[in-house]
Every structure is written in structure tokens, then in C-alpha cells.
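**Student:**
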Amino acid sequence: DTAVSQTPKYLVTQMGNDKSIKCEQNLGHDTMYWYKQDSKKFLKIMFSYNNKELIINETVPNRFSPKSPDKAHLNLHINSLELGDSAVYFCASSPGGGETQYFGPGTRLLVL
Amino acid sequence: GQSLEQPSEVTAVEGAIVQINCTYQTSGFYGLSWYQQHDGGAPTFLSYNALDGLEETGRFSSFLSRSDSYGYLLLQELQMKDSASYFCAVVNQGGKLIFGQGTELSVKP
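Chain order of the listed sequences is A and B.
The working numbering numbers the first residue of the first sequence as 1 and each following residue consecutively.
The working numbering numbers the first residue of the second sequence as 1 and each following residue consecutively.
What follows is the structure, given as C-alpha cells:
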């Protein structure tokens with residue numbers, strides 16, 4: 001009965017590659033998010049979608065492209081991976097105003 | 001700009017009470033949320049304050065003073081399993097969460 005799930009859990013890849021992370025929520029929430037957590041545990045929002053529409057787009061390199069095929073799914077595609085992209089990426093969902101967000105287990109990305 | 005300040009680490013003993021403070025500077029403030037994150041785990045929601053005052057949920061309480069741009073998380077009857085990182089987060093327009101740097105709480109026996 002996983003509420004917010006992400007795949008893969010771990011991702012090790014070479015610089016310059018392109019990779020995708022998938023996220024699904026079965027909570028019926030309208031809003032989904034992508035966060036990046038760096039090695040110092042700093043959590044920063046990247047994107048937010050409400051019912052398949054992009055509503056938050058932080059200052060993120062355009063190598064990162066989110067895609068929401070439906071309101072239960074939010075995927076993140078990363079082109080031309082760089083060393084600095086190594087981090088834990090969390091997906092989250094929220095029923096309404098965003099004050100209560102439910103996080104997925106995270107995807108640990110390591111770029112070599 | 002937007003910024004949040006919280007202590008980087010706090011140590012306490014089992015059974016004690018600990019308070020983690022958070023001050024913030026932001027525009028478009030809607031409320032203050034608190035999240036707990038164990039090592040290797042995901043952030044989990046603890047509480048949310050939109051109005052001034054104290055909100056209590058079991059052993060955890062959260063307080064907000066909008067006029068002082070200040071809040072705190074109070075953890076009572078500390079248990080070893082409470083050892084984790086605690087994040088305050090400002091909720092802005094559009095449901096955007098701006099997180100603090102986190103406070104690492106160590107509970108000792």
C-alpha cells in the first residue's frame with residue numbers, strides 16, 4: 001500500500017548520460033513535487049505540478065525536464081548528467097495547499 | 001530573499017524535553033510546517049501552523065508567532081527513536097515549501 005513510490009531507488013551512471021526517475025502516488029492528490037536533497041541534507045524544491053499543469057519551476061538547469069502524464073504520475077528526465085547532479089531526489093504529493101506533503105522514498109543518484 | 005534559521009544540532013537525553021527553534025524571513029507567508037527525517041529515509045510531515053499559537057499532536061507540539069517570524073517544535077518524553085533531522089519549512093503561495101537547513105537531534109540514553 002505504498003502511498004508515494006519512486007523508481008529506481010538507486011541510480012549510478014556516467015557523466016553525460018541521460019536518465020529518468022519515475023514517481024507515482026495513489027493518494028488521489030492533485031499536486032506533485034520534485035525536490036533535490038544535497039549531501040548537506042539541504043532540501044530544495046525543483047518543480048511542482050497541479051493536475052498535470054506546471055505551477056512551480058525553480059531556477060533549475062533546463063537539462064531537467066519534468067513530465068506529468070496524469071495527476072498520479074510525475075517523472076523527471078535529466079539530460080547530460082553532471083557530477084553536481086549527484087544527490088537524493090524526492091518526489092512528494094499534496095492534497096491541497098501544500099502544507100502537508102507526502103514524500104516518496106527517494107532516488108539516490110550518483111554521477112561518476 | 002527568503003531564509004530560515006534553525007540550530008544545526010541538538011543533543012538531549014531520553015525522557016527529556018527539547019525545543020527546536022526556527023526563525024524565518026520570507027514573503028507570501030502562509031504557514032510553517034515541520035518535518036522529520038531519519039537517516040536514509042524520507043521526510044515525514046509532523047505538524048503545520050497557519051495561525052499564532054500552539055498545536056499539539058501527542059508528544060510533539062508546534063508553536064508559531066507570525067509577528068515575530070518565529071516558531072518552534074517541542075518534543076516531550078524523548079525516545080531514542082526520535083533521533084533524526086527536523087526541518088522547519090515555510091509554506092508559500094502555490095504550496096511551495098522553503099526548507100530550513102535542518103536540526104540534527106541526538107537522543108542519548
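The beta-carbon is built from N, C-alpha and C at its ideal position, and this holds for glycine as well.
Values in this document were obtained by computation on a predicted structure and should not be read as measured data.
1. Looking at C-beta atoms only, is the number of pairs between the stretch 22 to 34 of chain B and the stretch 85 to 103 of chain A that lie closer than 8 Å three or more?
2. Go through its chain and collect everything with a Cβ distance to H73/A's Cβ below 6 Å, but skip five positions before and after it.
3. Could you tell me whether the Cβ of T26/B comes closer than 8 Å to any Cβ of chain A?
4. Determine the closest residue to S67/B out of L51/B, S106/B, E104/B and L74/B, with distance taken between C-alpha atoms.
5. Using a C-beta to C-beta distance shorter than 8 Å, which residues of chain A count as neighbours of Y70/B?
6. Could you name the residues that DSSP lists as bridge partners for H38/B?
7. Counting only beta-carbon atoms, is F64/A nearer than 8 Å to chain B?
8. Within 10 angstroms of its Cβ, does Y10/A collect 16 or more other Cβ (buried), or is it exposed?
9. For the beta strand (DSSP E) containing H73/A, name the first residue and the last one.
10. So, with DSSP's three-state summary, where would you put M32/A?
11. Mind checking if G91/B is an interface residue toward chain A, Cβ cutoff 8 Å exclusive?
**Tutor:** From the atom records:
1. They touch, by the three-pair rule.
2. Taken in chain order, the residues that qualify are E24.
3. No, T26/B does not count as interfacial toward chain A.
4. Residue L51/B is the option with its Cα nearest to S67/B.
5. What Y70/B touches in chain A: nothing, since even the nearest Cβ is about 18 Å away.
6. The partner list for H38/B (beta bridge, DSSP) is empty, contrary to what the question assumes.
7. No, F64/A lies away from the interface with chain B (no Cβ there is under 8 Å from its Cβ).
8. The residue in question, Y10/A, is exposed, as its Cβ has fewer than 16 Cβ neighbours within 10 Å.
9. Here the beta strand (DSSP E) through H73/A covers H73 to I78.
10. Correct three-state label for M32/A: strand.
11. The residue asked about is misnamed: residue 91/B is Val in this sequence, not Gly. At least one chain A Cβ lies under 8 Å of V91/B.
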